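In this note's numbering, the protein residues as written are -13 to 163.
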């Protein structure tokens, strides 16, 4: 009796498996392009260099105030003219943790930059000074009706009205300095 039941169960398992077909394979990095996988690996390699140098970074008073507004936040990083989004958590001390190759719904800030800007940062032994400079000089540029980003532009994530207002003021004031 148990062998007959066992055969029936085995036959049902095989039938269900054949009917269902092969299990779908997970898409690589949420269907992002190969360069995004390479850049993410480079960012993971850069993270310890950034963290080792961030506490010793020389910043003037205005740069430190801007940096302090970034610290302690979850940030989505959008690469201009692509669908690629990474994210990270910045601790209150300015170190980066929990780097992910995806967008987060709990992010309060959005950072926009070009792929070239990111690739320049990951190549440096100490990326902090260039990061600070890219944020200081970051701007949205309009040319021939096209909108592009120079450096790194930070704003409040969609729906985060207080952070949007704060970063609108920061971006306006830093443009006057």
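From the three backbone atoms N, C-alpha and C, an ideal C-beta is built for every residue, glycine too. Bear in mind the structure is a predicted one, so any value in this text is a computation, not a measurement.
### Query
According to the neighbour-count rule (16 or more other Cβ atoms, all chains shown, within 10 Å of its Cβ), is residue 98 buried or exposed?
Within the chain shown, residue 98 is the residue found at index 112, counting from 1. The residue in question, residue 98, is buried, as its Cβ has 16 or more Cβ neighbours within 10 Å.
### Task
Report the three-state DSSP secondary structure of residue 121 (helix, strand or coil).
In the chain shown, residue 121 corresponds to position 135, counting from 1. Note: residue 121 maps to helix in three-state DSSP.
### Task
Could you pull out every residue in the same chain whose Cβ sits closer than 6 Å to the Cβ of residue 18, ignoring the five residues on either side in sequence?
Counting from 1 along the chain shown, the entry for residue 18 is found at position 32. Hits under 6 Å: 70.
### Task
Return the chain-ordered list of same chain residues with a C-beta closer than 7 Å to the C-beta of residue 52, the five sequence neighbours on each side being excluded.
Residue mapping note: residue 52 aligns to position 66 of the chain shown, counting from 1. Excluding positions up to five away in sequence, the list reads 121, 156, 160.
### Query
Quick one: is residue 78 buried, meaning 16 or more other Cβ sit within 10 Å of its Cβ, or exposed?
For the purposes of this step, residue 78 is taken as the residue at position 92 of the chain shown. Its Cβ having fewer than 16 others within 10 Å, residue 78 is exposed.
### Query
Taking the alpha-carbon positions, what's the residue 143 to residue 61 distance?
As a position in the chain shown, residue 143 is number 157, starting the count at 1. As a position in the chain shown, residue 61 is number 75, starting the count at 1. Spanning the two alpha carbons is a distance of roughly 8 Å.
#### Entry: Spatial distance of residue 102 from residue 115 (CA atoms)
As a first step, residue 102 must be located in the chain shown, where it is residue number 116. As a first step, residue 115 must be located in the chain shown, where it is residue number 129. Rounded to the nearest angstrom, the two C-alpha atoms are 17 Å apart.
### Query
Candidates 136, 126, 67, 152: which alpha carbon is nearest residue 117's?
Within the chain shown, the letter at position 131 stands for residue 117. Of the listed residues, the one whose Cα sits closest to residue 117 is 136.
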